[in-house]
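*Asks:*
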Amino acid sequence: MAGLPETLRKSKHWTLENPLAFHKRYQHEVNAGGSEITLKEGRERLETIYKKTVMTLNEWLGWADARCPQPTHEINRLYQTIVDIEAQIEAAISLMTRLGERRRELQTAQYGLENHRTSKSAIQALCSKTTDYWEREPDDNHHTLCIASDCYSNCHVNCLVPFTLDPIKIGRFCLAFMYSVDDARRTNTESDDAAKSRRCNHCSHAAWEHRHYKNKHVRRTRALHPTAKNDLAKAETEEQRLEVAKRVVQEELDSIQLELDTVQAKVNSLVDAYNSKSLNKNFAGHINSAIQMMELRLEELKSKPGTEHERGIVQSAIQKLKSKLDVLRKSQERKSGVINHVRGAVGDAVGALGTALTGVIRGIV
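Everything in the sequence shown is counted per the numbering used here, starting at 19 for the first residue and increasing by one.
1. If I measure Cβ to Cβ from N176 and keep anything under 7 Å in the same chain, skipping five residues before and after, which residues do I get?
2. Check for me: the alpha helix (DSSP H) holding H46 runs from which residue to which?
3. Which same chain residues, not among the five before or five after I186, have their C-beta less than 6 Å away from its C-beta?
4. Report the rounded CA-to-CA distance for H41 versus R63, giving the unit in angstroms.
5. When the Cα atoms are used, what is the spatial distance from H228 to K264?
6. Taking the straight line between their C-alpha atoms, what separation do you get for Q310 and A224?
7. Starting from N76 and walking both ways along the alpha helix (DSSP H), at which residues does that stretch end?
8. Pull up the distance between the alpha-carbon of E35 and that of Y44, whole angstroms please.
9. Short check: CB of S307 to CB of L183, under 8 Å?
10. If L117 sits next to V267, beta carbons under 8 Å apart, how far is it from one beta carbon to the other, in whole angstroms?
11. Of all the options K30, E119 and Y129, which has the alpha carbon lying nearest to the alpha carbon of L260?
12. Flag R43 as yes if its beta-carbon sits less than 8 Å from any beta-carbon of chain D, otherwise no.
13. Excluding the 5 residues flanking E119 on each side, which residues of the same chain have their C-beta closer than 7 Å to its C-beta?
14. Determine, using beta carbons only, whether A166 and V285 come nearer to each other than 8 Å.
15. Alpha carbon to alpha carbon, what distance is there between Y231 and D157?
16. Given a cut-off of 8 Å, decide if V48 and L38 are closer than it, judged by their beta-carbon atoms.
17. Going by beta-carbon coordinates alone, are M312 and A291 separated by less than 8 Å?
18. What does a CB cutoff of less than 8 Å around T71 pick up in its chain, not counting 5 residues either side in sequence?
19. How many Å lie between I188 and G330 at the Cα?
20. Based on Cα-Cα distance, which residue from E317, G303 and G80 lies nearest to K342?
21. Out of T255, F195, L271 and I107, which has the shortest C-alpha to C-alpha gap to R154?
22. Leaving out five residues on either side along the sequence, give the residues of the same chain with a beta carbon under 7 Å from the beta carbon of E328.
23. Taking the alpha-carbon positions, what's the G60 to G51 distance?
24. Starting from the C-beta of K30, find all residues in its chain whose C-beta is less than 6 Å away, skip the five residues before and the five after it, and write them out in chain order.
25. Check whether the Cβ atoms of V289 and L339 lie closer than 8 Å to each other.
26. What three-state label does DSSP hand N159 in the structure shown?
27. Under 7 Å Cβ to Cβ from C164, same chain only, skipping five residues before and after it: list those, please.
28. So for D290, helix, strand or coil by DSSP?
29. So, at 6 Å on beta carbons, what are the nonlocal neighbours of F181 in its own chain, with the 5 sequence-adjacent residues on each side left out?
30. Look at L316 and V332 and say whether their C-beta atoms are less than 8 Å apart.
31. Is there at least one non-hydrogen atom of the ligand MG closer than 7 Å to the beta-carbon of A335?
32. Within its chain, find whatever has a CB closer than 6 Å to the CB of F191; leave out the 5 residues flanking it on each side and keep chain order.
33. Take the Cβ of H235 as the centre, count every other Cβ of all protein chains shown within 10 Å, and call the residue buried at 16 or more, exposed below.
The structure is reproduced here in C-alpha cells:
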C-alpha cells in the first residue's frame, strides 16, 4: 500500500467515470434529435472520459503488476505449521520402521527361548542389553538434515540458505554440497537435475534426500530392560533364568506393540491434519515434498521383511496426499478458466466501447 498515492491509501472506494454509461446517454441524445452543439459537446466529453478512464486503469494495473505478493502473518504461521507436521510425519514413520525391526528381533529371540535354543550367555546378554536410537530434537533454527534410509546426519547445522523445501536450492546453495572454487560458476550454469543430484560432502547422499527442518538428529542410549539384570542375578536355576528372559522379551514386545499402535495412529492423524491445512495451490510444493519424503520411507520398508502392515499405512498416507494434490490442481484449473473468461469478457467490452467511440469520433470529422 505504501506505493499508492496518499489520497488512494486513505480512500475506502476508488471510483471511475464509466464511459460506457456516458456513451449510452449520448446515443439517447442522438436518437432524440439533439442539437449539433449538444452532440458535439457530448462527443468531446465521451472521448475525454474514455481516454482518462483507460489511462487510469492502465496505471492501476501497472501498479498491481509491480507488487510482490506479501504473505500475511496467518499464512506464514500456516506454512510453518505444515512444515512442522511434515517433520513430525517423517519422524513418526522412521520410529515406526525402527520399532518394527526391534519387534522382529524380539520375536526371533522369543522363538529361541520357547524352544530352549538360547544359551546362558545369550540370556545374560539379552537381559543386559542397551540400545542406541535416534531422536529429533526441536530447535529454533533450521538445519539441513539427511532423510535417507538409516542416515541420521545433521549435514549443515544452522544452514545459511533461507528456509526452503526445494532440494534444487539446497543442492545449489547449501554449503554441504559445495566442493571446489569453481562451484560459484557451476551453480549458475548447471541444470536443476544436476543440482538436486549433487552429493553431500558430509553423508554422500543426494540433495533430493535432504530437507530443511527445525530439528536435529540426536543419538540416545538406554537400557532395554532396566530391572532384568537384577532379576537374573536372583534366579537360582536354569529354569528361573529362562522365565526371566521370557518375561523380559514379552514385556518389551507388549511395549513395542503399544508404541507401534500409537505411532501408526499418529501418522494417520498427522496426514489428515496436513491435508486439512494445505488449502490452495501455494501449498503444492509442501505436499510434493511430503510425498517424496514418504516415498523414501516406503522404499526403506520394502527392503525389510515383515513390514507389510507398516507399508500399507505409508502407502495410504501417500495416496491421501496425492488425492489432495489432485484436488488442488483441478481447483486451480477451474479458477484459471473463470479468470480467463472474465478477462475475455472485459476485453470484449473494452474493445466494443473502443469501436463505438472510434465511430463517434469519425462522425466529428
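We put the CB at the ideal spot given by N, CA and C, even for glycine.
*Replies:* Per the coordinate set shown:
1. N159 and H161
2. P37 to N49
3. D210, A213 and K214
4. 10 Å
5. 41 Å
6. 13 Å
7. E54 to A84
8. 14 Å
9. yes
10. 15 Å between Cβ atoms; not a contact.
11. Y129
12. Protein chains in the displayed structure number just one, and chain D is not present.
13. K322
14. no
15. 9 Å
16. no
17. no
18. L34, E35, N36 and P37
19. 31 Å
20. G303
21. I107
22. M114, T115, G118 and L319
23. 13 Å
24. none
25. yes
26. strand
27. S171, C173, C218, C221, H223, E227 and H228
28. helix
29. H160 and H230
30. yes
31. Ligands are entirely absent from the displayed structure, and the ligand MG is therefore not among its contents.
32. V179
33. buried
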